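Asks: Residue numbers (the numbering used here), protein chains in the order written: chain A, 16 to 521; chain B, 29 to 796.
I'd like to ask you about the structure that follows.
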């Protein structure tokens, strides 16, 4: 271990320390002085972001911990995204935590730990590290989902999430084991080389002291491993047919946590999904592209169809997040540099608009999440113009209307898919966005065109929440009008991720 | 550069409009109209250069890496549309100021209107196909806002949503088509694509490109079978109908067809689809127009018919047809805009739009009546109005159609007869004949309400009498559509020809229909084709079907029961792995000897028995205990095969699990319901499959035997590298010292966690 190794995981170290500090404060403070916790959490996130920025440019950093961690531009992109998501969630949950009397210290500590796990996921270049990162973030999320302990639905969704999640993780672990058995490596780059050479000799190159496992790679094991890895990742990104937990969990979880899960966790899962499949398994693309094709199409269709029927906004957004996973899978199916960049850009755009939408839902839901039905939004456009206007922007972006981030996200995805000759998938995806328009628009219709049925109190928007709304709205417009900077970042990161593989060098 | 400013300034004006309205108050319409007037002057100023064949272009980088530029260009076709958009826009802004005077949200209305105007300008001036799409969507959004402006009524909300859904669906199809087009043509710039028609038509993507782009154009221009949203959209305030639903937005589809004619047109596929859709729309629209009694719905259906005619002509694709189509665009914009505005003025003054209750208004509203009469005569296609010239050209073009001359001529003449009758009903009937009593006592409309129709209708007369000016404007547009320059000679009298005879027949037939319109309407209502087979019904059926499908799939997939969720996940996993295993390796065959020592067999039997017991037992505690036996059995196997450490862990975990489960389950009641026989069979099948598959996996994995001898490495190097003889110690504190450090940290953190839990307990205890 060298100092540079520690610097590579400095962001994670900072987050872990901040998390522990918050937890300790929560445990030892006499009064419930919850005000400190968000501040420390934000400081930690800021410090972690600084640690990422400090290592710029990320182009030529050597891998840390013997190739287990890789802080490349790809990882930096996701780190920044996670920190942004976590910071916005911290800010937007300040109202919620106070209102529901949640244990503030534990809440923020868990958020930080989950973010740390996600950070590890983004930079892991090794199946074992990926597994560890995934578990760190998942365990924290399981608890966060059930954080409203007095509420039955919250506990129910936490239990469902935990049980189903454990199953998926078990499959993932099985896949990792089989991959190790087949190639003798857990490092993604080594797996790539082993599969490319069809020789199971990488272990010898990596550490000459060990007796290598010589011989051809057993393709059956590789195929099985791919199937199992797919199951594990598809569960985490909530793609069909492993999406079933999503609506129940998203609905039962505290709204800010739902926002966190649907943006941060999803992005982290896609980050490892991308890295494993594009780095380690790109050579066997013919084995998994059809899986993504089918799963992507089904996710779009089933997610959108189910969302049409929902009357609960959280549940509607949950189904819509399944559909969005489908769109992202369309770009993934292209399995090209452009496809990877499209996935990254979309995740960023989706994160900002979705956090915004959930922030509105959270604020408007009031104590005990009483007002989360669509009919409660009737007439909101006149009683809380700014809240309704920002919700409109987020929904329009979710539809993919031009001048919002959602448009360029979709555009980029479909363009990448077309360049990979996925004409049918593209056309079906575009038609799906038309179905999706219907249920998003329905909310807008309710807000602006229906008279309010009952007098629902709208609380004043506190500064922290106001900041979240304005920030996400501005970012959504920014990505829709001046997307170039983020696009460049994403495409350079994607190029860098795949660049070395083409040449077959480490 | 000025071109880009001309487009984008509209959005700035839209933002400023509510504020300007607050300052200018009752004169705000006039003040705001200065902006479109300025645009009109600007575009008119470019007419000379464009007529000379020059093309103005400007390009600003937007998203270069995606090939998207904010690029605009102005040729004849764009100019014609730009002039209509800004010119009629100015009149409509003035009109809206009078029509909605005193309305609480008038400022917002202006904002939407100007936003629409700017989007429409962007649409017709865009050079980059993606920029075109962006503006296309913006027109959909702003028209949604405008149609739904009077959203207090349920019908307005429904209409707005319906219009947006239909045009939105078309818009997305268009996006897919444009993306494919960009791919096939190798450029995102229209000016480039226009020169690559042949390559694109030979491309395998040609058919999907054409179908997708046509879907966009047809939905926007209300072509059969997507026409139903247009009549419903008449819920919008009248200035909106006049502007969007006659002069501009519905013509966006026509613009698209004309624009892409050089690239996509001229093939058989284009000819059949476009001509057929146009002919069907033309006939249906004309027929339905005569059945209506609401003034605005009459005009909506007749607009549909006129749009159908333009589409039909563009489908024909001959030089004559293109000329006729472009002239028709201008003709229609002039008379239909006027008639819509008149309808609004009549509604405003009398309080009704029902033609059966209107009559003899000419004395009360002379100027409006004159404008209406001129516009109606133009619509009827009578000399010396511009409409006559247009209709003659249409007849000529159809007469020389490549195929199906008789059929097409029949359709066009029949529709024209209907339209002539409709013109009488909508433009003349309310003003002539006997004075009918109306809800409000009519007065002449204020200047702001009659200026627009009067100017538009007057222009129709002027262009008929002096067709040279219109010809000068139209020829560059024809050249752009036709793909090469060509002259357009417009004249009222073309000499004695069969076409003139057809015109005479049309007039006679139309007058006959006008006279017998009530009989015609009665007969039609008995048939009731529209309500039984109309597209509205299909739209509703489709929505209904999607909803039903959605409900079925949601009920099936989202039961809310954890056990079904688990079943789905396991079943899918089984399918995936079984497929891979069988397709790659076939069923693995166990290798080596099958001789099993007795004690191993006994152990296996014990595990099996315990597993069976866990399934069969009807109490929770019993099942948990049985599962514990399974776990211990597995641990014993570990012991037998030389993995005592693994066995230790397994023992611990098993014991803990059983204790925890027992503690939790103790509080639960007995099973209330047991699964049915069918469910059990299903579960058994899944379980057996899962078990079988796991066995197969183990066998497949056992075929690979990694020989990673780590222990010898440790034994060899512990003294040499770490100077320690106790290998275990060296491993713990040296070789994997960081791991040990991590483990200690974990223990510490766990300690803190336990402490905080304990504290929680104490705090609760403190409370009385």
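Just so you know, even glycine gets a beta-carbon here, dropped at the ideal spot from N, CA and C.
Since the model is a prediction, treat every value here as computed from it, not as a measurement.
Note down, in chain order, every chain A residue with its Cβ under 8 Å from the Cβ of residue 575/B.
Replies: Along the second chain, read from residue 1 onward, the residue named residue 575/B stands at position 547. Those within 8 Å of residue 575/B in chain A are 323 and 324.
Asks: Tell me the rounded alpha-carbon separation between residue 167/B and residue 279/B.
Replies: Start at 1 with the first residue of the second chain, and residue 167/B comes out as number 139. Start at 1 with the first residue of the second chain, and residue 279/B comes out as number 251. If you take the alpha carbons of residue 167/B and residue 279/B, they lie about 12 Å apart.
Asks: I need the DSSP call for residue 223/A, collapsed to helix, strand or coil.
Replies: Position 208 of the first chain holds residue 223/A. For residue 223/A, the pLDDT reaches just 46, beneath the cut-off of 50, and the residue's location in the model is therefore unreliable, although a value from the coordinates is still provided. Coil at residue 223/A, not helix or strand.
Asks: Any idea which residues DSSP pairs residue 100/B with across the strands?
Replies: As a working mapping, residue 100/B is identified with position 72 in the second chain. Residue 100/B pairs with 86/B and 154/B.
Asks: Quick test of the definition: if touching needs 3 or more C-beta pairs under 8 Å, does the stretch 416-423 of chain A touch the stretch 454-468 of chain A?
Replies: These segments do not touch.
Asks: Have a look at residue 37/B and residue 271/B and give me their C-alpha separation to the nearest angstrom.
Replies: The residue you call residue 37/B lines up with position 9 of the second chain. The residue you call residue 271/B lines up with position 243 of the second chain. Looking at the two C-alpha atoms, the distance is approximately 20 Å.
Asks: Under a three-way DSSP split, which group does residue 252/A fall into?
Replies: For this step, residue 252/A is matched to residue 237 along the first chain. In the structure shown, residue 252/A sits in coil (DSSP, three-state: anything other than H, G, I, E or B).
Asks: Considering only residues of the stretch 174-223 of chain B, which uninterrupted alpha helix (DSSP H) runs meet the minimum length of 4 residues and lie entirely inside it, listed in chain order?
Replies: Here the runs fully enclosed are 182-213 and 218-221.
Asks: For residue 93/B, which residues in chain A fall below 8 Å Cβ to Cβ?
Replies: For this step, residue 93/B is matched to residue 65 along the second chain. Residues of chain A passing the Cβ test: 499, 502, 503 and 506.
Asks: Going by beta-carbon coordinates alone, are residue 504/B and residue 378/B separated by less than 8 Å?
Replies: Against the second chain, residue 504/B aligns to sequence position 476. Against the second chain, residue 378/B aligns to sequence position 350. Going by C-beta atoms, residue 504/B is not nearer than 8 Å to residue 378/B.
Asks: Which residue wins for smallest C-alpha separation from residue 150/B, given the options 100/B, 398/B, 141/B and 453/B?
Replies: Your numbering for residue 150/B matches position 122 in the second chain. Looking at the Cα atoms, 100/B is the closest of the given residues.
Asks: According to DSSP, which residues form a beta bridge with residue 202/A?
Replies: Looking up residue 202/A in the first chain gives position 187. BP columns for residue 202/A point to 141/A.
Asks: What span of residues does the alpha helix (DSSP H) with residue 308/A cover, start to end?
Replies: Start at 1 with the first residue of the first chain, and residue 308/A comes out as number 293. 300-324 is the span of the alpha helix (DSSP H), which, as asked, contains residue 308/A.
Asks: Can you list, in chain order, the stretches of the alpha helix (DSSP H) that have 4 or more residues and sit fully within the stretch 584-641 of chain B?
Replies: The qualifying runs are 590-612.
Asks: Which residue marks the beginning of the alpha helix (DSSP H) containing residue 289/B, and which one marks its end?
Replies: Start at 1 with the first residue of the second chain, and residue 289/B comes out as number 261. Counting along the chain, the alpha helix (DSSP H) containing residue 289/B begins and ends at 277-292.
Asks: Does DSSP put residue 327/A in a helix, a strand or coil?
Replies: As a working note, residue 327/A is residue 312 in the first chain. Residue 327/A falls in the strand class under three-state DSSP.
Asks: Taking C-beta pairs closer than 7 Å, name the residues in chain A that residue 169/B reaches, listed in chain order.
Replies: Residue 169/B sits at position 141 when you count from the first residue of the second chain. Those are 416, listed as they occur along chain A.
Asks: In the DSSP output, which residue or residues are listed as bridge partners for residue 388/A?
Replies: Counting from 1 along the first chain, the entry for residue 388/A is found at position 373. 327/A.
Asks: So the alpha helix (DSSP H) residue 94/A belongs to, where does it begin and stop?
Replies: Mapped onto the first chain, residue 94/A falls at position 79. Per DSSP, residue 94/A belongs to the alpha helix (DSSP H) from 88-115.
Asks: Cβ closer than 8 Å: which chain A residues qualify as neighbours of residue 594/B?
Replies: Against the second chain, residue 594/B aligns to sequence position 566. Chain A residues near residue 594/B: 178, 179 and 182.
Asks: Count the other C-beta atoms from every protein chain shown that fall within 10 angstroms of the C-beta of residue 23/A, then say buried if there are 16 or more, exposed otherwise.
Replies: As a position in the first chain, residue 23/A is number 8, starting the count at 1. Counting Cβ neighbours within 10 Å, residue 23/A comes out buried, since at least 16 surround it.
Asks: Nearest to residue 440/B by alpha carbon, out of 50/B, 454/B, 460/B and 419/B?
Replies: By 1-based counting over the second chain, the position of residue 440/B is 412. The shortest Cα separation from residue 440/B among 50/B, 454/B, 460/B and 419/B belongs to 419/B.
Asks: Closest by CA to residue 292/B, which one among 263/B, 221/B, 331/B and 760/B?
Replies: Locating residue 292/B in the second chain gives position 264, where the first residue counts as 1. It is 221/B.
Asks: Would residue 358/A pass as an interface residue toward chain B - the criterion being a Cβ-Cβ separation below 8 Å?
Replies: For the purposes of this step, residue 358/A is identified with residue 343 of the first chain, where counting begins at 1. No, because no Cβ of chain B sits closer than 8 Å to the Cβ of residue 358/A.
Asks: Between residue 661/B and the rest of its own chain, which residues show a CB-CB distance below 7 Å, the 5 nearest in sequence each way excluded?
Replies: Along the second chain, read from residue 1 onward, the residue named residue 661/B stands at position 633. Hits under 7 Å: 631, 634, 635 and 638.
Asks: So if I threshold CB-CB distances at 8 Å, which residues from the stretch 418-444 of chain A count as touching chain B?
Replies: Cβ contacts with chain B: 418, 422, 423, 426, 427, 429, 430, 433, 434, 438, 441 and 442.
Asks: Whole angstroms is fine: what's the gap from residue 504/A's alpha carbon to residue 105/A's?
Replies: For the purposes of this step, residue 504/A is taken as residue 489 along the first chain, with counting starting at 1. For the purposes of this step, residue 105/A is taken as residue 90 along the first chain, with counting starting at 1. About 26 Å.
Asks: Under a three-way DSSP split, which group does residue 297/B fall into?
Replies: Residue numbering aside, residue 297/B sits at position 269 when the second chain is read from its first letter. Correct three-state label for residue 297/B: helix.
Asks: For residue 761/B and residue 768/B, I'd like the C-alpha separation in whole angstroms.
Replies: Here residue 761/B corresponds to residue number 733 of the second chain, with the count starting at 1. Here residue 768/B corresponds to residue number 740 of the second chain, with the count starting at 1. Approximately 7 Å, taken between the alpha carbons.
Asks: Between residue 269/A and the rest of its own chain, which residues show a CB-CB distance below 6 Å, the 5 nearest in sequence each way excluded?
Replies: If you number the first chain from 1, residue 269/A lands on position 254. Answer for residue 269/A: 162 and 163, listed in chain order.
Asks: Would you say residue 194/A and residue 120/A are within 8 Å of each other, going by their C-beta atoms?
Replies: As a first step, residue 194/A is located in the first chain; it is residue number 179 there, counting from the start. As a first step, residue 120/A is located in the first chain; it is residue number 105 there, counting from the start. Their beta carbons are not under 8 Å apart, which means residue 194/A does not touch residue 120/A by this criterion.
Asks: I'd like to confirm the pairing. Which residues does DSSP put opposite residue 79/A in its beta bridges?
Replies: Residue 79/A sits at position 64 when you count from the first residue of the first chain. The partner list for residue 79/A (beta bridge, DSSP) reads 84/A.
Asks: For residue 473/A, which of helix, strand or coil comes out of DSSP?
Replies: Taking the first chain and counting its residues from 1, the one referred to as residue 473/A is at position 458. If DSSP states are grouped into helix, strand and coil, residue 473/A belongs with coil.
Asks: From the DSSP output, which residues share a beta bridge with residue 382/B?
Replies: The residue you call residue 382/B lines up with position 354 of the second chain. Beta-bridge pairing links residue 382/B to 322/B.
Asks: Looking only at its chain, what residues have a beta carbon closer than 7 Å to the beta carbon of residue 722/B, apart from the 5 residues adjacent to it on each side?
Replies: In the second chain, residue 722/B corresponds to position 694, counting from 1. The answer is none, since no qualifying residue turns up.
Asks: Counting only runs of 4+ residues fully inside the stretch 344-387 of chain A, write out the alpha helix (DSSP H) ranges in chain order.
Replies: Here the runs fully enclosed are 352-380.
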